[in-house]
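Notes follow once the structure below has been shown.
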Amino acid sequence: MNNKFRVFLLVIVVMIFGIIGGLTVLKRGPEEDRAITVHARKYAFDPQVIRVNRGDTITLNITSTDVTHGFYLEGYDFDAKIRPETPGFWMRAPSKNKEYGEEVVESYTFTANRIGKFRYRCSIGCGPMHPFMQGEFIVRPNFLFPGSIGLAFGIAFACIIYFRKKEE
Ligand SMILES: [Cu+2]
Numbered sequence: 268m269n270n271k272f273r274v275f276l277l278v279i280v281v282m283i284f285g286i287i288g289g290l291t292v293l294k295r296g297p298e299e300d301r302a303i304t305v306h307a308r309k310y311a312f313d314p315q316v317i318r319v320n321r322g323d324t325i326t327l328n329i330t331s332t333d334v335t336h337g338f339y340l341e342g343y344d345f346d347a348k349i350r351p352e353t354p355g356f357w358m359r360a361p362s363k364n365k366e367y368g369e370e371v372v373e374s375y376t377f378t379a380n381r382i383g384k385f386r387y388r389c390s391i392g393c394g395p396m397h398p399f400m401q402g403e404f405i406v407r408p409n410f411l412f413p414g415s416i417g418l419a420f421g422i423a424f425a426c427i428i429y430f431r432k433k434e435e
């Protein structure tokens with residue numbers, strides 16, 4: 268077996284495993300309904316990190332335990348104003364409205380259709396540490412993981428072939 272052919276074979280093997288991994292993209296996990304309650308207080312959100320999967324339906328409840336806070340979720344065009352004495356919150360779509368709606372809503376339901384890491388932060392000045400009041404909303408892609416596993420297997424497999432042939 269000459270060198271060129273060997274390299275060609277290696278590339279094919281890596282590609283095959285990559286494709287196998289990639290195909291698992293099509294087999295997505297079940298989409299879940301998730302009810303998430305976020306508690307806002309000076310100067311943190313609880314939870315600080317929210318992890319969901321793409322396609323999940325998220326029902327967000329937000330409360331404040333001390334003063335008026337905001338909950339601005341980047342990437343999802345959502346902002347809420349939460350008051351400690353009011354159950355529920357006022358909301359707005361930042362791209363469309365400057366002001367919060369007049370209606371107090373109990374919760375906000377949306378689909379996590381954008382993959383990535385999105386920051387949520389307090390959008391209403393609440394004290395000196397206000398700018399640090401933030402958290403992360405992580406929407407997992409589901410498929411990156413099996414995809415990279417496939418690729419890793421492919422590379423490992425290719426290495427084995429490569430070094431075995433070299434010994435001949
Ligand atoms: Cu704040």
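Just add 267 to wherever you are in the sequence shown, counting from 1, and you've got this note's numbering. Cβ coordinates follow ideal geometry from the N, Cα and C atoms, glycine included.
- PHE385 places its beta carbon less than 8 angstroms from that of GLY342.
- Look at the region 373-428 and you find no whole run of alpha helix (DSSP H) that is 4 residues long or longer.
- In this structure, the straight-line span from the alpha carbon of ASN380 to that of TYR339 is close to 17 angstroms.
- Comparing alpha-carbon positions, the option among ARG321, PHE272 and ASN269 lying closest to VAL406 turns out to be ARG321.
- Taking GLU373 as reference, the option from ARG359, PRO354, TYR387 and MET282 with the minimal CA-CA separation is PRO354.
- Sorting PHE377, VAL334, TYR310 and ALA360 by C-alpha distance to the C-alpha of ARG388 places TYR310 at the top.
- In the three-state reduction of the DSSP assignment, VAL334 falls in the coil class, being assigned neither a helical nor a strand state.
- GLY337 is the residue among GLY337, THR378 and PRO351 whose C-alpha sits nearest the C-alpha of ARG359.
- The criterion of a C-beta distance shorter than 8 angstroms is not satisfied by ILE317 and PHE377.
- Bounds of any beta strand (DSSP E) do not take in LYS363, whose DSSP letter is neither H nor E.
- With a cutoff of 8 angstroms on beta-carbon distance, VAL334 and PRO314 are scored as not near each other.
- A straight-line Cα-Cα distance of about 21 angstroms links GLY421 and PRO408.
- Burial check for VAL274: the Cβ neighbour count within 10 Å stays below 16, so the residue is exposed.
- Counting along the chain, THR304 sits inside the beta strand (DSSP E) bounded by residues 300-308.
- Secondary-structure assignment with DSSP links ASN328 through a beta bridge to THR304.
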